[in-house]
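In the working numbering, the protein residues as written are 5 to 270.
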Ligand code: IPD
Ligand code: CA
Ligand code: CA
């Protein structure tokens, strides 16, 4: 039996590290591409998580955002933890108070558990394969709303500007069909929020497995759907586009995406 309570506690402790961070003195490094940052806390939190999770599940491998040199991409591995130590680093650096710790666990290439924790509001989204999704221990069950009945959310990063015009034109069309639009700056939170009915859609051109692995199981266990924008299966080894939502809204956006020329494997 995997000690999921210990994993959850460890994710919460990582959240406390984010809350306790001293941003004024934090060192910041620039990674490849425009506006792509890594603070000393991104590294500290990831090291803390890898250390603690290795004690809880010693046979597990890791796929994390910072120091990717040991990332495991072999889906035959018994267990892989997908870690985004701070999802929403730019929000974190600028004091937006809206970031999350994202930890997903896959067994032989299939997600079996996910935790997305927003420490600023103490919201813990979690899910376990075939056992449902929860927000602060309360079961989540989504209503199958259409685009016209909800808020749509999207993400984009300066370091992933390829095809930005087609994304923005899709987002504009969705905005005009929906109740409103948001871009929260933490994809893991925006995706998990679909599970509680706050967003009906999340769309982004390029995300990494550590951005969406944990949220993908939270969303699916709550009754939602997550695919690539063209409809293909999401990847657990390489970046891909993301279209997630209620089943109804997802189908609507897939139609729009087809008209915009997104190929089925995009
Ligand atoms: C980013 C956030 C953002 C999304 C970017 C991600 P990071 O992750 O999730 O919402 O739009 O594409 O890279 O860099 O803050 O961990
Ligand atoms: Ca991220
Ligand atoms: Ca991050």
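Beta carbons: idealized from backbone N, C-alpha and C, even for Gly. From a predicted model like this one, the values you see are computed outputs, not experimental measurements.
The beta strand (DSSP E) enclosing residue i, as first and last residue numbers
| i | result |
| --- | --- |
| residue 34 | 32 to 34 |
| residue 117 | 114 to 122 |
| residue 170 | Premise fails: residue 170 lies in the alpha helix (DSSP H), 168 to 181, not in any beta strand (DSSP E). |
| residue 78 | Run containing residue 78: none; DSSP gives neither H nor E here. |
| residue 206 | 205 to 211 |
Whole-Å CB distance - residue i paired with residue j, under 8 angstroms assumed
| i | j | result |
| --- | --- | --- |
| residue 121 | residue 217 | About 14 angstroms separates the two Cβ atoms, so there is no contact after all. |
| residue 159 | residue 202 | Wrong, their Cβ atoms sit about 15 angstroms apart, outside the cutoff. |
| residue 8 | residue 138 | The Cβ separation is near 11 angstroms, so there is no contact. |
| residue 199 | residue 223 | 5 angstroms |
| residue 185 | residue 170 | Not quite, the Cβ-Cβ distance comes to about 17 angstroms (not below 8 angstroms), so this is no contact. |
| residue 108 | residue 115 | 6 angstroms |
| residue 41 | residue 49 | About 14 angstroms separates the two Cβ atoms, so there is no contact after all. |
| residue 253 | residue 204 | 4 angstroms |
| residue 240 | residue 79 | 6 angstroms |
From the options, residue whose alpha carbon lies closest to that of residue i
| i | options | result |
| --- | --- | --- |
| residue 112 | 66, 26, 199 | 66 |
| residue 119 | 197, 238, 245 | 197 |
| residue 46 | 239, 233, 21, 171 | 21 |
| residue 149 | 263, 82, 183 | 183 |
| residue 177 | 189, 152, 164, 166 | 152 |
| residue 82 | 91, 110, 68, 56 | 110 |
| residue 306 | 43, 248, 13 | The structure shown does not extend to residue 306, since the chain spans only 5 to 270, so no value can be given for it. |
| residue 208 | 146, 234, 103 | 234 |
| residue 243 | 262, 94, 77 | 77 |
| residue 53 | 93, 34, 10 | 10 |
| residue 106 | 59, 142, 157, 212 | 212 |
| residue 256 | 146, 100, 206 | 206 |
| residue 89 | 261, 51, 59 | 51 |
| residue 221 | 129, 55, 56, 17 | 129 |
Cβ-heavy atom distance, residue i to ligand 1, below 7 angstroms
| i | result |
| --- | --- |
| residue 245 | no |
| residue 160 | yes |
| residue 217 | no |
| residue 110 | no |
| residue 208 | yes |
| residue 140 | no |
Any non-hydrogen atom of ligand 3 within 7 angstroms of residue i CB
| i | result |
| --- | --- |
| residue 93 | yes |
| residue 46 | yes |
| residue 69 | yes |
Exposure label - residue i; buried when at least 16 CB within 10 Å
| i | result |
| --- | --- |
| residue 123 | buried |
| residue 126 | exposed |
| residue 36 | exposed |
| residue 5 | exposed |
| residue 72 | exposed |
| residue 166 | exposed |
| residue 173 | exposed |
| residue 63 | exposed |
| residue 164 | buried |
| residue 168 | exposed |
| residue 263 | exposed |
Any non-hydrogen atom of ligand 2 within 7 angstroms of residue i CB
| i | result |
| --- | --- |
| residue 24 | no |
| residue 88 | yes |
| residue 177 | no |
| residue 191 | yes |
Terminal residues of the alpha helix (DSSP H) in which residue i lies
| i | result |
| --- | --- |
| residue 14 | 8 to 24 |
| residue 96 | 93 to 97 |
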